[in-house]
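To start, the structure itself, in structure tokens.
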Amino acid sequence: MAHVTFDSVGKKYDNGFEAIVDLNLEIEQSEFLVMVGPSGCGKSTTLRMIAGLEEITSGEIRIGDQVVNDLPPKDRDIAMVFQNYALYPHMTVFDNIAFALKLQKMPKSEINDRVRNAARILELDELLERKPAKLSGGQRQRVAMGRAIVRRPQLFLLDEPLSNLDAKLRVQMRGEITQLQRDVAVTTFYVTHDQVEAMTMADRVAVINRGVLQQVAPPQQLFDEPENLFVAAFIGSPSMNLMEATITPDSVGEELGLSLGGHRLKLSAELIRKRPALRKYFDRTVVVGLRPKDFEDASLDSERHPSIPATISNTEALGYEVIAYFDVAAKPVISADALDLHADEALAAPVGDGNTTLIAARFDPRTAARVGDRIEVAVNIDNAHFFDPDSGLAIRD
Amino acid sequence: MTARVPRRSASVIDKLYRSLTNVPLWALWVFVVIWTLPTLSLLVNSFRSRDNQRNSGFWRVFGDENPEGFSVFDNYEVVLSTESTNGMLQSLISSLAIAVPSTIIPIAIASFAAYAFAWIDFKGRKPLFIATVALMSIPMQVALIPLLRTYLGGAHLTLPFSNRTLSLVPDLDLAGSTWAVVLSHTGFALPFAIFLLHNYISQLPGELMESARVDGADHFHTYMKLVLPLSVPALASFAIFQFLWTWNDYLIAATMLSGGDPDVIPTTMRIVNLAGDFGRTEHLLTAGAFAQAFVPLVVFFSLQRYFVRGLLAGSVKG
Amino acid sequence: MSDTLEHQGPAHTRFDADGPRRAGPAIGYLLIGGLVALLVIASYRTGQLGRLGWIAVTIIAVLAGSAALFIGGNKLVAQATVSWGRFRGLTGVVIGAAAGGVLRGNQSVRAILAQEQDFLVRETGTTPIDDTGLIELLTDFADPELLTVGTGLLGHAEWPIVGGVVVGVAAWASGALTSRLARCSVGVVFGLGAALLIADRLQFRNRPDVSLNTILIAAIVGAAAGGLVGIATRRHHLERALLGAAVGATAGAWLTPEMLGTGSARAAQFAIAIPMLLLALRVAWPHARSASQLANFTRRASAVVFLAPALGFLAVNLIIPAIRTLYTSLLDRESEQFVGLDNFRELWNDPASIDASEWTNMFGSQLFWIGLVLVGAGFLVGVSVRWIRDRQVGFERTSGSIGSLFLGAFIFLFAVFTSIRGTFINNLWWVVTVVTASTVLGLTIAVLAERAGRLESTAKAFIFMPMAISMVGASIIWRFQYQARNVTKNQTGVLNALWIELGELSQSGTARVVVLLVLSLLLAGSLLTIARRARSRTSFAGFTAVSIALLWLIVELYQRSLGGFTTGPNGEIIAETVLFREHAPFNNVFLMVILIWIQTGFAMVIFSAAIKAVPGELLEAALIDGADTNQQFFQVVLPQIMPTVGVVVTTLIVTVTKVFDIVKVSTGGNFDTNVLANDFFTESFSFLNRGVGSAIAVLILLTVAPVMIFNVWQMQRGDSS
């Protein structure tokens with residue numbers, strides 16, 4: 000099992016386009032690392048560089064302690080699952096899985112054992128004599144996985160393997176892949192554009208955008224402590240509400256408060272202690288991020304958070320929660336990165352016009368709020384995230 | 000096709016070494032040279048005088064000694080003249096007179112049939128289509144002689160067991176005329192034309208036809224307004240193919256036009272006549288053969304894209 | 000999608016690369032335009048401009064005519080939904096006019112109103128002679144038939160007009176009226192009227208000598224048959240019976256009499272009226288169609304209009320002549336007497352067709368034994384590899400075993416074909432050699448071109464170019480390559496020149512030694528590579544073949560020296576050329592080279608597209624699985640393009656079986672190079688033996704038939720999946 004190191008790795012094409020910029024990343028042994036980002040961010044390129052299908056223009060990639068920059072794919076002891084499975088259509092499932100082993104001139108009996116073992120794990124036993132054309136999407140995906148695990152490589156590479164499956168199957172396969180990886184304990188590098196997959200499957204998640212690594216952290220940490228605007232907006236669905244606000248002292252000059260769209264929310268001492276750098280932003284504009292879960296119908300709020308009045312403009316009832324939309328007179332923040340997300344996913348925070356932000360809030364399903372109602376909305380301001388408006392970085396210390 | 004392991008950009012020396020030891024690349028260019036040499040030799044020889052052609056190979060062209068007044072185009076002047084024994088100009092026109100109608104008429108007829116097979120659902124469509132397309136493989140020899148007889152004197156069928164004779168085709172006195180050749184070419188080309196055009200037309204999006212149907216168009220209007228304009232690439236492919244084929248044909252022309260009016264024979268027959276004439280006029284054969292090949296070569300080089308597409312239709316199964 | 004022709008093929012044929020070719024289409028049109036201008040000028044110079052003009056006019060006329068027919072046909076069909084009566088009326092007009100035209104054209108009827116012109120017809124013939132002087136003369140002596148037909152425009156138009164009007168009105172009426180009784184009455188009236196008119200104007204010589212009873216009995220028999228068909232198909236019993244009756248009556252009236260011309264006027268009336276009546280009843284009987292029936296009908300009618308010209312052309316141009324050829328092959332040389340399979344027997348027994356008399360020569364030929372050895376070696380390798388790998392008996396398909404088998408079989412067949420000679424065998428030989436060579440070469444060049452990067456399309460264009468040249472032209476080109484001159488003079492053909500040079504070279508001491516040295520070095524290198532590869536357990540089959548070839552070359556060179564020379568009686572060296580065209584039996588191979596030269600481009604283009612259609616991901620997966628370039632090709636790409644290989648092979652088989660131009664122009668079929676298509680030409684046009692000629696054509700068809708059946712089978716399978 001291998002440990003993979005990216006050492007200042009860069010990928011630049013002949014026309015000058017930089018797909019990957021100075022990537023430094025470590026994948027621990029037996030770790031399940033997911034690289035996630037919008038389309039064209041460079042995640043597939045990264046994966047293909049590890050595989051040896053793309054040239055590395057600068058830096059080094061090491062698998063174990065070996066520099067693999069110039070090593071051909073077959074000498075890197077890796078196995079890959081492609082997005083479209085890349086099964087050999089003229090071979091049976093058995094032959095597909097056994098192909099690599101045959102190339103290694105393994106004895107027939109051993110090939111047989113390994114293939115049947117893999118088939119058993121993946122529940123492909125009855126399908127061994129079929130050809131790929133006669134398999135369903137999920138079955139093909141499992142054959143692709145079988146092809147990978149049978150080689151017992153030191154590194155698994157998976158390139159968006161679930162994107163061609165329907166939603167229900169995707170959920171099922173997520174669990175199966177994670178379980179498989181735990182059983183086999185092979186270092187795994189997984190690439191996807193779906194942040195839900197990243198969050199549910201990974202030991203650590205690497206968020207990447209436009210070839211630049213944004214943050215690498217375990218999923219919960221990514222959620223709780225995003226390091227910049229991009230990560231903040233990318234992780235979580237519905238996304239974090241981002242808007243401009245000002246840090247203002249109260250009339251006495253002691254406590255800090257957040258001036259948000261005409262309302263003032265007091266910042267607790269604990270919050271300031273957690274993020275001491277906030278002090279530097281006296282009377283200055285900051286970007287504040289509030290996740291939908293940090294809002295609640297004030298009448299149902301048991302914890303007595305400060306509240307602001309709001310008129311509900313839209314609701315979406317999901318059964319286990321209600322997503323309520325209302326306007327706040329604060330300027331919305333749309334960073335260039337966030338614009339990328341809009342274009343790509345249409346998942347990012349719904350954007351209002353110039354000076355109002357449309358906020359998405361998660362309410363308890365028992366809420367009586369309806370469209371048009373003017374209610375008090377509780378804000379868990381202590382969970383707010385703050386970002387520098389110029390650099391986009393989180394304000395901490 | 001290979002997936003190659005990417006290599007770093009290498010130094011000049013590396014590149015040189017790699018190109019020297021790259022056997023596959025060498026082999027390719029060896030093939031190219033071998034393939035081009037024959038045509039090249041014909042071209043070179045066609046510019047040489049008779050004596051030079053008889054006494055040395057084309058590779059000695061630069062050592063040629065020529066008498067005064069000799070021009071490299073001498074052979075072509077003779078060949079492209081209207082001189083009756085050796086001039087080919089007449090036959091070039093004849094070739095055109097055969098090739099152009101033989102290309103246009105099948106298109107008109109086959110495109111309708113191709114559309115019908117593709118988008119009109121009627122009973123027995125598939126077996127009829129398969130039968131039509133299977134005719135592609137029929138060798139022309141099987142139909143040639145009866146065709147000739149029909150053109151000579153009409154087709155008459157004697158009913159069995161009675162003395163009655165039906166005239167199926169009256170005597171149109173077509174024998175020895177260009178039309179006999181053109182009609183024959185049309186008939187033989189139809190199965191392939193239908194196959195090629197059907198292949199293309201059947202892959203036009205069905206929604207197009209359906210929305211036209213909803214808008215009230217019947218088959219005829221759908222064909223004229225939608226299908227025909229969209230099929231232009233396929234029509235072009237077939238046209239190039241058929242033009243080349245009919246320009247280069249010898250068998251049908253020889254069958255229908257032998258022993259007839261010498262002004263009507265196409266270039267292929269002319270060349271064969273020239274070729275049988277050893278000795279005195281062999282030097283003209285090079286220029287003549289090249290003149291014959293010139294038109295198709297020009298058409299080929301300028302429109303190869305379409306020609307290739309015509310070939311590929313239905314041949315490549317994904 | 001706009002440019003693709005194939006379903007799952009490449010999104011674009013990368014036959015022309017971008018960049019320098021981007022100006023392609025524009026230059027193409029310019030060139031064509033230039034060419035057209037040249038030809039116009041040329042025709043002006045030769046005074047042929049008029050001819051060109053006529054061609055243009057006729058093409059436009061034909062196109063306009065067919066357009067008119069199509070548009071007319073479609074408009075007619077469209078009428079069916081608008082007004083059934085009008086539709087039937089118009090169709091009736093067309094049919095009636097056509098019928099009238101046929102009657103008039105066959106000169107079966109006399110004129111109605113037009114001035115009549117007398118023609119003289121001899122008893123046996125049907126060709127009319129038009130000579131009044133002769134008429135008077137002959138009338139005195141022989142027993143001629145005077146037949147009259149209308150003259151002038153009216154003479155030609157009157158019957159079509161009458162037919163069109165009568166049938167049209169009747170059809171319209173019977174379509175527009177709702178009551179069956181009314182419809183049938185109209186039909187009867189018009190039918191009877193038309194019948195009596197025809198009967199009255201029928202040429203005397205066409206009158207059948209038949210009795211009313213015969214006609215009626217025949218009608219009843221026909222009705223019964225029609226009715227049975229109706230019962231069997233469970234539909235339209237009465238209509239089918241009526242139709243059957245009409246057909247039966249016609250047959251009874253017109254086919255039963257021994258000869259025409261001896262009947263009475265009354266008999267003629269019955270003979271025409273009864274079938275006419277029955278037909279009229281049949282047409283008038285059915286109800287007007289319901290909406291859904293109409294829709295069905297319009298659809299089928301459209302299909303008929305669209306398909307009729309093409310299918311009609313095919314029938315007349317292809318199918319009927321083919322059937323006639325089949326029939327003529329069973330007749331004698333003048334196509335008068337039935338001789339059964341004699342023609343075929345004659346062909347079979349002719350030593351020119353198959354000559355197996357010297358088949359024992361096989362055993363003396365090098366090729367035979369080399370081929371056998373290779374086949375045996377292939378088997379051995381295959382079996383032993385299996386044994387070594389798995390301790391199982393069986394055949395393992397490795398590159399060594401398969402390659403050796405194929406090569407051995409190919410060489411072995413060559414040995415067979417050079418010992419058993421004849422036209423048939425030549426055809427077989429052509430097919431085996433050209434198809435194999437073109438396929439293999441085409442595939443090889445396609446694969447090589449893939450690796451050529453930007454110059455790929457240029458290289459491929461040159462390989463493909465011979466396809467644009469006629470086979471006649473190609474034969475001429477290669478005739479010059481194959482030329483052999485007297486050895487005292489310079490060689491003008493490239494091949495003989497090289498051959499003689501090679502001969503001279505191998506006489507000289509230094510050159511020979513140098514070449515031997517180089518070859519030995521190559522052999523050593525090859526053997527070393529084999530050893531290295533054997534150790535690393537990679538395939539060394541290719542290098543084994545190379546080593547064997549090198550070894551053979553060295554031995555030959557050492558023993559004899561290569562090249563074009565012989566030793567004279569006094570031991571002196573005399574140069575010697577190769578008579579490529581005349582030296583049997585290998586002259587056949589040199590002719591085959593010409594077709595290979597042409598067809599390889601075809602195979603290459605198709606394979607190139609097929610190879611590019613293999614998804615790149617598959618090759619990446621193979622690369623990661625550990626496959627090197629060769630393995631990628633043979634284990635991933637090749638299996639995927641197998642269907643294409645099948646298509647190429649079948650197409651080539653058909654093309655090669657029909658080879659004619661090359662043989663005719665190069666050798667005329669002499670020097671033991673005759674092929675079936677050439678034989679066909681000679682028998683039909685030189686020997687004027689229609690029976691044997693047709694038989695050969697049938698044989699060519701039979702040779703191609705398996706491929707036809709295979710294609711049909713593939714198409715059926717493809718469509719149903």
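From first to last, the protein sequence lines are chains V, G and C. The first sequence runs 0 to 396 under numbering that gives the first Met the number 0. The second sequence runs 0 to 317 under numbering that gives the first Met the number 0. The third sequence runs 0 to 720 under numbering that gives the first Met the number 0. Each residue gets a CB set at the ideal place from its N, CA and C atoms; glycine is no exception. None of the values given here were measured: they were computed from a predicted structure.
- Residue pairing of V:Leu-241 in beta bridges, as defined by DSSP: V:Gly-288.
- Within the region 45–58 of chain G, the residues whose Cβ lies closer than 8 Å to any Cβ of chain C are, in chain order, Gln-52, Arg-53, Asn-54, Ser-55, Gly-56, Phe-57 and Trp-58.
- Your pair V:Arg-75 and V:Val-67 checks out as a contact, with CB atoms roughly 5 Å apart and the cut at 8 Å.
- Residue environment analysis places V:His-192 among the buried positions, since at least 16 neighbouring C-beta atoms fall within 10 angstroms of its C-beta.
- The distance from the Cβ of C:Leu-556 to that of C:Leu-515 is about 6 Å, consistent with a contact at the 8 Å cut-off.
- Taking a beta-carbon distance threshold of 9 Å, C:Met-361 does not count as an interface residue toward chain V.
- In this structure the region 220–238 of chain C does not lie against the region 188–204 of chain C, because fewer than three pairs of beta carbons, one per stretch, are closer than 8 Å.
- Within the region 613–637 of chain C, contact with chain V at the beta-carbon level (separation under 7 Å) is assigned to Glu-616, Leu-617, Glu-619, Ala-620, Leu-622, Ile-623, Asp-624, Gly-625, Ala-626, Gln-630 and Val-635.
- Among the bridge pairs identified by DSSP, V:Tyr-189 is matched with V:Val-33 and V:Leu-157.
- In its chain, beyond the 5 residues on either side, no residue has a beta carbon closer than 6 Å to the beta carbon of C:Phe-684.
- About 6 Å separates the beta carbons of C:Arg-332 and C:Arg-689, which is inside the 8 Å limit, making them a contact pair.
- Within chain C, no residue has its beta carbon less than 7 Å from that of V:Ala-231; the closest one is some 35 Å off.
- The residue from C:Lys-459, C:Val-220, C:Val-554 and C:Leu-698 with its alpha-carbon nearest to that of G:Val-29 is C:Lys-459.
- The beta-carbon distance between V:Val-3 and V:Ile-55, rounded to whole angstroms, is 13 Å. This is too long to meet the 8 Å contact definition.
- Our two residues, G:Leu-310 and C:Val-653, have alpha carbons roughly 15 Å apart in a direct line.
- The beta carbon of G:Tyr-75 sits closer than 6 Å to those of Ala-286, all from its chain and outside the five residues before and after it, given in chain order.
- The straight-line gap separating the alpha-carbon atoms of V:Asp-387 and V:Arg-263 is approximately 20 Å.
- Residue-level contact by beta carbon fails for G:Ile-264 and chain C, as no gap is shorter than 9 Å.
- Contact annotation for V:Pro-88 against chain C: Leu-617, Pro-638 and Gln-639 [CB-CB distance below 9 Å, chain order].
- Within the DSSP bridge table, the entry for V:Met-79 names V:Leu-156 as partners.
- Close CB contacts of G:Ala-96 within its chain, under the 7 Å cut and outside five residues either way in sequence, are with Thr-177 (chain order).
- One thing to note: C:Asn-586 has its Cβ no nearer than 9 Å to the Cβ of C:Thr-643.
- For V:His-262, there is no enclosing alpha helix (DSSP H); the enclosing beta strand (DSSP E) has its first and last residue at 262–265.
- Taking 4 residues as the minimum length, the alpha helix (DSSP H) runs contained wholly in the region 442–494 of chain C are 455–463 and 470–480, in order along the chain.
- Pairing C:Ala-217 with C:Ala-248 gives a Cβ-Cβ distance under 9 Å.
- Restricting attention to alpha helix (DSSP H) runs no shorter than 4 residues, the region 201–276 of chain G encloses them at 205–213, 231–246, 250–256 and 266–274, ordered along the chain.
- Listed along the chain, the chain V residues whose CB falls inside 7 Å of the CB of C:Arg-450 amount to none; the nearest CB is some 17 Å away.
- For V:Asn-208, DSSP records a beta bridge to V:Val-211.
- The DSSP-derived three-state label of V:Ile-333 is coil.
- By the neighbour-count criterion, in which 16 or more other beta carbons inside 10 Å mark a residue as buried, C:Leu-152 falls on the exposed side.
- Nearest Cα to V:Val-327 within the set V:Leu-317, V:Thr-91 and V:Val-287: V:Val-287.
- Partner residues in a beta bridge of V:Phe-233, as assigned by DSSP, do not exist.
- Residue range 321–327 is occupied by the beta strand (DSSP E) that includes V:Tyr-324.
- A residue is called buried when at least 16 other Cβ atoms come within 10 angstroms of its Cβ; C:Gln-715 does not meet this threshold and is exposed.
- Not a single C-beta of chain V is nearer than 9 Å to the C-beta of C:Arg-85.
- Contact check for V:Ala-18 and V:Gly-41: beta-carbon distance about 5 Å, within the 8 Å limit, so the pair qualifies.
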